[in-house]
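Chains as they are written, first to last, in the working numbering: chain A, 1 to 115; chain B, 116 to 226.
From the three backbone atoms N, C-alpha and C, an ideal C-beta is built for every residue, glycine too.
The structure appears below as structure tokens.
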Amino acid sequence: KQEVTQIPAALSVPEGENLVLNCSFTDSAIYNLQWFRQDPGKGLTSLLLIQSSQREQTSGRLNASLDKSSGRSTLYIAASQPGDSATYLCAVTLDRGSTLGRLYFGRGTQLTVWP
Amino acid sequence: NAGVTQTPKFQVLKTGQSMTLQCAQDMNHEYMSWYRQDPGMGLRLIHYSVGAGITDQGEVPNGYNVSRSTTEDFPLRLLSAAPSQTSVYFCASSYPLGEQFFGPGTRLTVL
């Protein structure tokens, strides 16, 4: 069974810092990995999608990397801002199995950026 | 595009009542799914569909039914609500194995 772990569970940083969120998964036979943002009481917003054949994806101040063989992904946030405060979720889909397309989620990293 | 929409946003039920959570998408996505999110449990897959007329069970299907008569709609039915079904429910859609998009969620309380 695919297990997805996110470290740290919570992170509090001052504005302007560059930070790294970590995601690890136990089954390396993934099709893709997706990073989401969730604000309190809201739905999930897709940030980045990395295909298993890719090493990284970038969107603005966000950069996500993927090392499929070691079962790891990192989300790098440059020059953090208070508006980045949210919970960040990592999820993978497997490239095989009966529930193809199912997302396996980590528990998330709760980020607080203070002014 | 409206993306993925869900109704209602909030609902309170009494034990034993039934209801339907609505989900619709306007992106012509074939794949749709329902998740529930609970504190300490993360997001868990309830049911999913790979196209109109095709549905299957996920990780926690008991107490829920789904149907997919059109590409756009994927309603989730609670047959006889129980307090254990108090949760936040999210609907998602995508092209097969593509980027998944989530709705805003339905917050359900069962008394």
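query	result
Cβ neighbours of residue 168/B in the same chain (closer than 7 Å, five flanking residues each side left out)	183
C-alpha gap between residue 197/B and residue 132/B, whole angstroms	8 Å
For residue 12/A and residue 31/A, believed in contact at Cβ under 8 Å, the rounded distance	34 Å between Cβ atoms; not a contact.
Beta bridge counterpart(s) of residue 76/A as assigned by DSSP	20/A and 63/A
Under 8 Å between C-beta atoms of residue 119/B and residue 218/B	yes
Among 109/A, 24/A and 3/A, the one whose alpha carbon lies nearest that of residue 69/A	24/A
Residue 82/B - containing beta strand (DSSP E), residue span	Any property of residue 82/B remains undetermined from this structure, which presents chain B solely from 116 to 226.
Residue 140/B: contacting residues in chain A (beta-carbon distance under 8 Å)	Neighbours of residue 140/B on chain A: none; closest Cβ ~13 Å, over 8 Å.
Interface flag, residue 34/A vs chain B, CB-CB below 8 Å	yes
Inter-residue spacing [alpha-carbon to alpha-carbon] between residue 67/A and residue 10/A	23 Å
Coarse secondary structure for residue 39/A, derived from DSSP in three states	coil
CA-to-CA distance, residue 14/A to residue 80/A, given in whole angstroms	8 Å
Length of the line joining the Cα atoms of residue 144/B and residue 127/B	30 Å
Contact between the segment 172–182 of chain B and the segment 107–114 of chain A (3+ Cβ pairs under 8 Å)	no
Extent of the continuous beta strand (DSSP E) to which residue 189/B belongs	First-last for residue 189/B: undefined, no H or E at that position.
Where the beta strand (DSSP E) through residue 139/B begins and ends	134–140
Per-residue contacts from residue 88/A into chain B (C-beta, under 9 Å)	Neighbours of residue 88/A on chain B: none; closest Cβ ~13 Å, over 9 Å.
Contact set for residue 213/B: own chain, Cβ-Cβ below 6 Å, skip 5 residues either direction	none
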